[in-house]
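Taken in sequence, the protein lines are chains A and E.
Each number in this note's numbering comes from the position in the first sequence (counting from 1) with 1 added on.
Each number in this note's numbering comes from the position in the second sequence (counting from 1) with 3 added on.
Positions of the beta carbon are idealized from the N, C-alpha and C atoms, including for glycine.
The structure displayed is predicted, hence computed values, not measured ones.
Working notes, beginning with the structure itself.
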Amino acid sequence: TQLLEQSPQFLSIQEGENLTVYCNSSSVFSSLQWYRQEPGEGPVLLVTVVTGGEVKKLKRLTFQFGDARKDSSLHITAAQPGDTGLYLCAGVNTGGFKTIFGAGTRLFVKA
Amino acid sequence: NAGVTQTPKFQVLKTGQSMTLQCAQDMNHEYMSWYRQDPGMGLRLIHYSVGAGITDQGEVPNGYNVSRSTTEDFPLRLLSAAPSQTSVYFCATGPGHLNTEAFFGQGTRLTVV
Chain A
2 TQLLEQSPQF LSIQEGENLT VYCNSSSVFS SLQWYRQEPG EGPVLLVTVV
52 TGGEVKKLKR LTFQFGDARK DSSLHITAAQ PGDTGLYLCA GVNTGGFKTI
102 FGAGTRLFVK A
Chain E
4 NAGVTQTPKF QVLKTGQSMT LQCAQDMNHE YMSWYRQDPG MGLRLIHYSV
54 GAGITDQGEV PNGYNVSRST TEDFPLRLLS AAPSQTSVYF CATGPGHLNT
104 EAFFGQGTRL TVV
C-alpha cells in the first residue's frame, strides 16, 4: 500500500515568517500535486510536478519534487493570513490513475 | 461554466437506508473520481472512472457502487448506509493521467444515524 506522510500536521506562525511543508513516501509517483483546502470547500489544485528534481514557483510558494520522485516540499516565503488553510499533497501512482493523498498540514498564519 | 457540481450539499440518513450522491461536470473530462474525507485521514479514493462505461475500485470501495453511463455524470450509490459512512464526500475530475484530480466539487456532508 502506498502511503504519503505529510509533516508537520499543524503549523501556527506569525505573518512574515517562512515555512516548509514536507511530503514523503517510500513509493515512486508519476506525478505529485499540491492542493489547498478551505473550510466547507473542496481542495483547489495549486501545482503538479512531474519530473524528478523539478522546481515550480507560484508567487511566494515554491514546490519541489524529489530527484527520485518519492517526496516533495512546499515552501512559503513571508506567509500572510490569506495563506491559512489545509495543504494537501497527492501522488499519482506509476500505473497512472490512482491518487494517494497525504493527511494534510493545517496552516494558521496570525496577523 | 459550473465546473463540478455535487448534490446534495448535506444529507442525514438512517442506518440501512440507501441513497445516491450526484456529481456532474461540464468540462468534458474523461477522468472522474469519488473520495471521502475524514478528520486526520486526508482524502481516500472510493471509486474512479477513466471514461464512460469504465469504472474501477479505489482504496475504500466497500459499501459503495458507481456507474458512468455518460462523460458528464458519475453518481455514487450507498447501498445500505452505516454510521461508518458518515463523512464528507468529494467528487473530482481531471483530463487524465498526470492530472487526474484537477477540479473538486464542493462536497456532500453525509451523516448516518
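Can you check whether the C-beta of Thr-85 of chain A is within less than 8 Å of a C-beta belonging to chain E? As a position in the first sequence, residue 85 of chain A is number 84, starting the count at 1. The Cβ of Thr-85 of chain A sits no closer than 8 Å to any Cβ of chain E.
What does a CB cutoff of less than 6 Å around Gly-97 of chain E pick up in its chain, not counting 5 residues either side in sequence? In the second sequence, the residue the question calls residue 97 of chain E occupies position 94. Residues His-32, Tyr-34, Thr-103, Glu-104, Ala-105 of the same chain have their beta carbon placed closer than 6 Å to that of Gly-97 of chain E, with the five preceding and five following residues left out of the count.
Ser-13 of chain A versus A:Gln-81, A:Gly-53, A:Gly-92, residue with shortest Cα-Cα distance: What you label residue 13 of chain A is simply residue 12 of the first sequence in a count that begins at 1. Nearest option by C-alpha distance: A:Gln-81.
Take the Cβ of Phe-98 of chain A as the centre, count every other Cβ of all protein chains shown within 10 Å, and call the residue buried at 16 or more, exposed below. Against the first sequence, residue 98 of chain A aligns to sequence position 97. Residue burial annotation: Phe-98 of chain A is buried, with at least 16 other C-beta atoms found within 10 angstroms of its C-beta.
For the segment 65-89 of chain A, which residues have a beta carbon sitting closer than 8 Å to at least one beta carbon of chain E? Of all residues in the segment 65-89 of chain A, Leu-89 have a Cβ within less than 8 Å of some Cβ in chain E.
State the start and end residues of the unbroken beta strand (DSSP E) segment that holds Glu-6 of chain A. The count along the first sequence starts at 1 and reaches residue 6 of chain A at position 5. Run containing Glu-6 of chain A: 6-8, per the beta strand (DSSP E) assignment.
By alpha-carbon positions, which one of A:Thr-106, A:Lys-111, A:Val-22, A:Gly-17 ends up nearest to Thr-63 of chain A? Numbered from 1 along the first sequence, position 62 holds the residue referred to as residue 63 of chain A. Considering only alpha carbons, the answer is A:Val-22.
Cα-Cα separation between Phe-11 of chain A and Leu-20 of chain A, rounded to whole angstroms: Taking the first sequence and counting its residues from 1, the one referred to as residue 11 of chain A is at position 10. Taking the first sequence and counting its residues from 1, the one referred to as residue 20 of chain A is at position 19. C-alpha separation (whole angstroms): 12 Å.
Determine whether the beta carbon atoms of Val-115 of chain E and Pro-86 of chain E lie at a separation below 8 Å. On the second sequence, position 112 is the one that residue 115 of chain E refers to. On the second sequence, position 83 is the one that residue 86 of chain E refers to. Yes, Cβ-Cβ distance for Val-115 of chain E and Pro-86 of chain E is below 8 Å.
Quick check on Gln-109 of chain E: does DSSP put it in helix, strand or coil? Within the second sequence, residue 109 of chain E is the residue found at index 106, counting from 1. Looking at Gln-109 of chain E - three-state DSSP - the assignment turns out to be coil, as it is neither helix nor strand.
Which word fits Gly-45 of chain E, buried or exposed, when buried means at least 16 other C-beta atoms lie within 10 angstroms of its C-beta? Position 42 of the second sequence holds residue 45 of chain E. Under this definition Gly-45 of chain E is a buried residue.
Express the C-alpha separation of Val-91 of chain E and Gln-14 of chain E in angstroms, rounding to a whole number. As a position in the second sequence, residue 14 of chain E is number 11, starting the count at 1. As a position in the second sequence, residue 91 of chain E is number 88, starting the count at 1. Approximately 10 Å between the Cα atoms of the pair.
At the level of alpha carbons, what is the spacing between Asn-94 of chain A and Ser-36 of chain E? Indexing the first sequence from 1 puts residue 94 of chain A at position 93. Indexing the second sequence from 1 puts residue 36 of chain E at position 33. If I take the Cα positions, the gap works out to 15 Å.
Taking the straight line between their C-alpha atoms, what separation do you get for Glu-18 of chain A and Tyr-88 of chain A? Within the first sequence, residue 18 of chain A is the residue found at index 17, counting from 1. Within the first sequence, residue 88 of chain A is the residue found at index 87, counting from 1. A straight line joining the alpha-carbon of Glu-18 of chain A with that of Tyr-88 of chain A spans about 17 Å.
For Gly-83 of chain A and Thr-10 of chain E, the rounded distance between their alpha carbons: Your numbering for residue 10 of chain E matches position 7 in the second sequence. Your numbering for residue 83 of chain A matches position 82 in the first sequence. In a straight line, the C-alpha of Thr-10 of chain E is about 29 Å away from that of Gly-83 of chain A.
Indicate whether at least one CB of chain A lies closer than 8 Å to the CB of Gln-109 of chain E. For the purposes of this step, residue 109 of chain E is taken as residue 106 along the second sequence, with counting starting at 1. Closer than 8 Å to some Cβ of chain A, the Cβ of Gln-109 of chain E qualifies, so yes.
Is Arg-39 of chain E near the ligand NAP, in the sense that its beta carbon is under 7 Å from a heavy atom of that ligand? Judged by which ligands are present, the structure shown has none, so any question about the ligand NAP falls away.
Which of helix, strand or coil DSSP assigns to Ser-87 of chain E: Locating residue 87 of chain E in the second sequence gives position 84, where the first residue counts as 1. Here Ser-87 of chain E sits in helix by DSSP.
Using 10 angstroms around the beta-carbon of Gln-34 of chain A, count the other beta-carbons present and answer buried if the total reaches 16, otherwise exposed. Here residue 34 of chain A refers to the residue found at position 33 when the first sequence is read from its first residue. With at least 16 other beta carbons inside 10 angstroms of its own, Gln-34 of chain A counts as buried.
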